[in-house]
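Residue numbers (the numbering used here), protein chains in the order written: chain A, 2 to 318; chain B, 2 to 318. A virtual CB, placed ideally from N, CA and C, is assigned to each residue, including glycine. Here's the structure we're looking at; comments come further down.
2 protein chains.
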Amino acid sequence: MTDAITATAPAATALPFGRWLAAHGQRVEHALERVLPPASMHPVRLHEAMRYAVLSGGKRVRPMLVYAAGEAVGAPGPALDCAACAVELIHAYSLVHDDLPCMDDDVLRRGRPTVHVQYGEALAMLVGDSLQALAFEVLAATAGNGAGGAASAAMVAELARAAGSTGMAGGQAIDLASVGARLDREALEDMHRRKTGALLRASVRLGGMCAAGTSAHGNDAGVPPMHPLDRYADAIGLAFQVVDDILDVEGDSATLGKTAGKDAEQNKPTYVSALGLEAARRLAGQLREQARGAIAPLGDAGHRLGEIADLIVLRES
Amino acid sequence: MTDAITATAPAATALPFGRWLAAHGQRVEHALERVLPPASMHPVRLHEAMRYAVLSGGKRVRPMLVYAAGEAVGAPGPALDCAACAVELIHAYSLVHDDLPCMDDDVLRRGRPTVHVQYGEALAMLVGDSLQALAFEVLAATAGNGAGGAASAAMVAELARAAGSTGMAGGQAIDLASVGARLDREALEDMHRRKTGALLRASVRLGGMCAAGTSAHGNDAGVPPMHPLDRYADAIGLAFQVVDDILDVEGDSATLGKTAGKDAEQNKPTYVSALGLEAARRLAGQLREQARGAIAPLGDAGHRLGEIADLIVLRES
Numbered sequence: 002m003t004d005a006i007t008a009t010a011p012a013a014t015a016l017p018f019g020r021w022l023a024a025h026g027q028r029v030e031h032a033l034e035r036v037l038p039p040a041s042m043h044p045v046r047l048h049e050a051m052r053y054a055v056l057s058g059g060k061r062v063r064p065m066l067v068y069a070a071g072e073a074v075g076a077p078g079p080a081l082d083c084a085a086c087a088v089e090l091i092h093a094y095s096l097v098h099d100d101l102p103c104m105d106d107d108v109l110r111r112g113r114p115t116v117h118v119q120y121g122e123a124l125a126m127l128v129g130d131s132l133q134a135l136a137f138e139v140l141a142a143t144a145g146n147g148a149g150g151a152a153s154a155a156m157v158a159e160l161a162r163a164a165g166s167t168g169m170a171g172g173q174a175i176d177l178a179s180v181g182a183r184l185d186r187e188a189l190e191d192m193h194r195r196k197t198g199a200l201l202r203a204s205v206r207l208g209g210m211c212a213a214g215t216s217a218h219g220n221d222a223g224v225p226p227m228h229p230l231d232r233y234a235d236a237i238g239l240a241f242q243v244v245d246d247i248l249d250v251e252g253d254s255a256t257l258g259k260t261a262g263k264d265a266e267q268n269k270p271t272y273v274s275a276l277g278l279e280a281a282r283r284l285a286g287q288l289r290e291q292a293r294g295a296i297a298p299l300g301d302a303g304h305r306l307g308e309i310a311d312l313i314v315l316r317e318s
Numbered sequence: 002m003t004d005a006i007t008a009t010a011p012a013a014t015a016l017p018f019g020r021w022l023a024a025h026g027q028r029v030e031h032a033l034e035r036v037l038p039p040a041s042m043h044p045v046r047l048h049e050a051m052r053y054a055v056l057s058g059g060k061r062v063r064p065m066l067v068y069a070a071g072e073a074v075g076a077p078g079p080a081l082d083c084a085a086c087a088v089e090l091i092h093a094y095s096l097v098h099d100d101l102p103c104m105d106d107d108v109l110r111r112g113r114p115t116v117h118v119q120y121g122e123a124l125a126m127l128v129g130d131s132l133q134a135l136a137f138e139v140l141a142a143t144a145g146n147g148a149g150g151a152a153s154a155a156m157v158a159e160l161a162r163a164a165g166s167t168g169m170a171g172g173q174a175i176d177l178a179s180v181g182a183r184l185d186r187e188a189l190e191d192m193h194r195r196k197t198g199a200l201l202r203a204s205v206r207l208g209g210m211c212a213a214g215t216s217a218h219g220n221d222a223g224v225p226p227m228h229p230l231d232r233y234a235d236a237i238g239l240a241f242q243v244v245d246d247i248l249d250v251e252g253d254s255a256t257l258g259k260t261a262g263k264d265a266e267q268n269k270p271t272y273v274s275a276l277g278l279e280a281a282r283r284l285a286g287q288l289r290e291q292a293r294g295a296i297a298p299l300g301d302a303g304h305r306l307g308e309i310a311d312l313i314v315l316r317e318s
């Protein structure tokens, strides 16, 4: 896929964004197809359920961030494919566990029955557990795919922190504890910085870290300057959640592919409940500007990241 | 700890096994204490529950295998500490998830209430998820602790395969599907080779792989000869499960620290139900001999591994 894209696009940024998105969307689908064990492999029901959980047409926002950040700093394509799959596998595992009866108890995801509705609770838990392990297996393969061993180990640590108790899983624990509570904006931001932001941020950073093994960045352990990427990632991480909260109020279940109005029904604190709808909309717009400002130092190379910031804020589902 | 052990033991193998075990047991407790986030760190309830799950006095068989295999091939101590913690964190996470109501629904573990009884189901799931992420974070730290980047990435891939859908989690899925079924010995072995064997085997292999960065094994990517370690690991992996099944029938809950007779009660296939008690005992003895035979080529360096094989087969809980 990398070769095909290069052949049709003399300058990467010349490709219209819609075509870039479609091409990279196909690319990560193919990569996920390849890294997931075939449904015919023993134990077949587990592998079938893992594929059901992952290959169900999500928006693949996190892989797009990996590719856009990686291409901005000249990272090798095969390493980016590994990192893109890894972040999406972590995301997919978190959705499977999040939907379980002991957590959000959701029955609909991307317009289809959730994994535990389709395969039972016990298998759904094992699906999530297995997808997390697979994410790290695939990420470790960046070592042999252009990133080098030291950068690969650093990426594993980065993704593990983003997924773990001070990142995504920690954010979910705070979310659990805050059902029915009234969080102020600072506490809400802290929760979302962990729950959703940490993995979005890691996606951007992993894209950048894949470039560590290239000659442009000298040695195996070096990574490109991360400050613009970090500030960008922080802004879009929060923007993503603010827009999610707005869509939960404004959207309908058919467009969202999940149950709308669920947050209010479950009495969960959201940006809309904390700020009101209009202020939440303004905040999303401000965060989009912050994200675009952060990557200005990257010049034209940051082009795709800017377009993804727009996509995140202006999406309708 | 490494220095203290070296100082009191001119030749490592001269230390009586009991003292070696006690010293390495203390060593891994200290290392686990260090790598687990403090209970005072936000989110505190999650971190408290993670520590409850891990720091509750298990036998630490897997860390002992890491140390014994690593010392047999001259691996650096700091890398072994990372690998020892990583395998124990994976083991601890699997127990937390295994005990959940949707799985084994167990209320007692190591003589204390299980994590979900103590902290609720949702948090118990997040504890398991967080411990798995932490395992990979800690294992990636082998890169900067004497193993080198390439070996560290290879170890992450090794542990991920052992924990994932074709290893431990896959074995649990097969276990789930076989409740009430009558498995023949081949099918039982396949299940246990995944469910328990894969992580025990990985523990032995990771110990060996930690030596990849030492001068004795030349370059960063090289690993010491794995055949004796692999054959040893296969034998003790099965032996461990056979003995577990025997103890479930013979033991009492107080000695085991968990509910005895649970397998029969849940109509789970075991070596005892498949072979009968006497034949299961004979099999455990044969596997112990196989394990000792496998490491004979290592000579005196394999001493501790032999003693651990004895420990696994002759234990009473």
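Per-residue DSSP class, three states only, for residue i
{"i": "A/Asp311", "result": "helix"}
{"i": "B/Glu317", "result": "coil"}
{"i": "A/Thr197", "result": "helix"}
{"i": "A/Leu276", "result": "helix"}
{"i": "A/Leu284", "result": "helix"}
{"i": "B/Pro147", "result": "Residue identity differs from the one stated: residue 147 of chain B is Gly in this sequence, not Pro. Three-state DSSP puts B/Gly147 in coil, outside helix and strand."}
{"i": "A/Asp100", "result": "coil"}
{"i": "A/Asn220", "result": "With a pLDDT of only 41 at A/Asn220, under 50, the local geometry of the prediction cannot be trusted, and the value read off the model is given with reservation. In the structure shown, A/Asn220 sits in coil (DSSP, three-state: anything other than H, G, I, E or B)."}
{"i": "A/Pro270", "result": "coil"}
{"i": "A/Leu239", "result": "helix"}
{"i": "B/Leu248", "result": "helix"}
{"i": "B/Pro79", "result": "helix"}
{"i": "A/Ser57", "result": "coil"}
{"i": "B/Gly168", "result": "coil"}
{"i": "B/Ile91", "result": "helix"}
{"i": "A/Pro39", "result": "coil"}
{"i": "B/Ile296", "result": "coil"}
{"i": "A/Met210", "result": "helix"}
Where the alpha helix (DSSP H) containing residue i begins and where it ends
{"i": "A/His43", "result": "No alpha helix (DSSP H) holds A/His43; DSSP gives it neither H nor E."}
{"i": "B/Val157", "result": "Gly150 to Ala164"}
{"i": "B/Val36", "result": "Phe18 to Val36"}
{"i": "A/Val62", "result": "Val62 to Ala73"}
{"i": "B/Leu124", "result": "Glu122 to Ala141"}
{"i": "A/Ala182", "result": "Element bounds for A/Ala182: n/a, residue is neither H nor E."}
Top-ranked residue by Cα proximity to residue i, from the options
{"i": "A/His1", "options": "A/Gly121, A/Val157, A/Pro77 and A/Leu184", "result": "Only positions 2 to 318 of chain A appear in the structure, and residue 1 of chain A is not among them; the question remains open."}
{"i": "A/Val74", "options": "A/Arg283, A/Ala148 and A/Tyr94", "result": "A/Ala148"}
{"i": "B/Asp191", "options": "B/Ala152, B/Pro114 and B/Gln242", "result": "B/Gln242"}
{"i": "A/Gly171", "options": "B/Ser131, B/Arg194 and B/Arg195", "result": "B/Ser131"}
{"i": "B/Ser95", "options": "B/Ala141, B/Arg46 and B/Ala163", "result": "B/Ala163"}
{"i": "A/Asn268", "options": "A/Arg61, A/Ile91 and A/Asp105", "result": "A/Asp105"}
{"i": "B/Arg316", "options": "B/Ala275, B/Gly71, B/Asp231 and B/Arg289", "result": "B/Arg289"}
{"i": "A/Gly112", "options": "A/Gly58, A/Ala134 and A/Gly277", "result": "A/Gly58"}
{"i": "B/Arg35", "options": "B/Cys83, B/Pro17, B/Ala212 and B/Leu47", "result": "B/Cys83"}
{"i": "B/Ala285", "options": "B/Asp311, B/Ile296 and B/Leu66", "result": "B/Asp311"}
{"i": "B/His92", "options": "B/Arg283, B/Ala199 and B/Leu47", "result": "B/Ala199"}
{"i": "A/Tyr53", "options": "A/Pro114, A/Ile237 and A/Gly145", "result": "A/Pro114"}
{"i": "B/Glu251", "options": "B/Ser318, B/Leu230, B/Gly71 and B/Arg305", "result": "B/Ser318"}
{"i": "B/Leu230", "options": "B/Gly71, B/His31, B/Phe137 and B/Phe18", "result": "B/Gly71"}
{"i": "A/Leu160", "options": "A/Glu89, A/Ala174, A/Asp100 and A/Ala292", "result": "A/Glu89"}
{"i": "B/Asp249", "options": "B/Trp21, B/Asp301 and B/Ser274", "result": "B/Ser274"}
{"i": "A/Ala69", "options": "A/His25, A/Ser179, A/Gly294 and A/His193", "result": "A/His25"}
{"i": "A/Ile175", "options": "B/Leu47, B/Leu33, B/Gly238 and B/His304", "result": "B/Leu47"}
{"i": "B/Leu33", "options": "B/Met42, B/Leu56 and B/Arg20", "result": "B/Leu56"}
{"i": "A/Asp245", "options": "A/Thr271, A/Pro298, A/Arg20 and A/His228", "result": "A/Thr271"}
Paired residues, beta bridge with residue i - DSSP
{"i": "A/Leu109", "result": "A/Pro114"}
Cβ separation of residue i and residue j, assumed to be a contact under 8 Å, to the nearest whole Å
{"i": "B/Val128", "j": "B/Val139", "result": "Not really, about 16 Å apart at Cβ, beyond 8 Å."}
{"i": "A/Lys196", "j": "A/Met156", "result": "Going by Cβ atoms, the distance from A/Lys196 to A/Met156 rounds to 21 Å, so no, they are not a contact pair."}
{"i": "B/Ala234", "j": "B/Arg206", "result": "7 Å"}
{"i": "B/Gly150", "j": "A/Ala154", "result": "5 Å"}
{"i": "A/Ala158", "j": "B/Ala142", "result": "7 Å"}
{"i": "B/Gly208", "j": "B/Val67", "result": "4 Å"}
{"i": "A/Ala213", "j": "A/Ala152", "result": "4 Å"}
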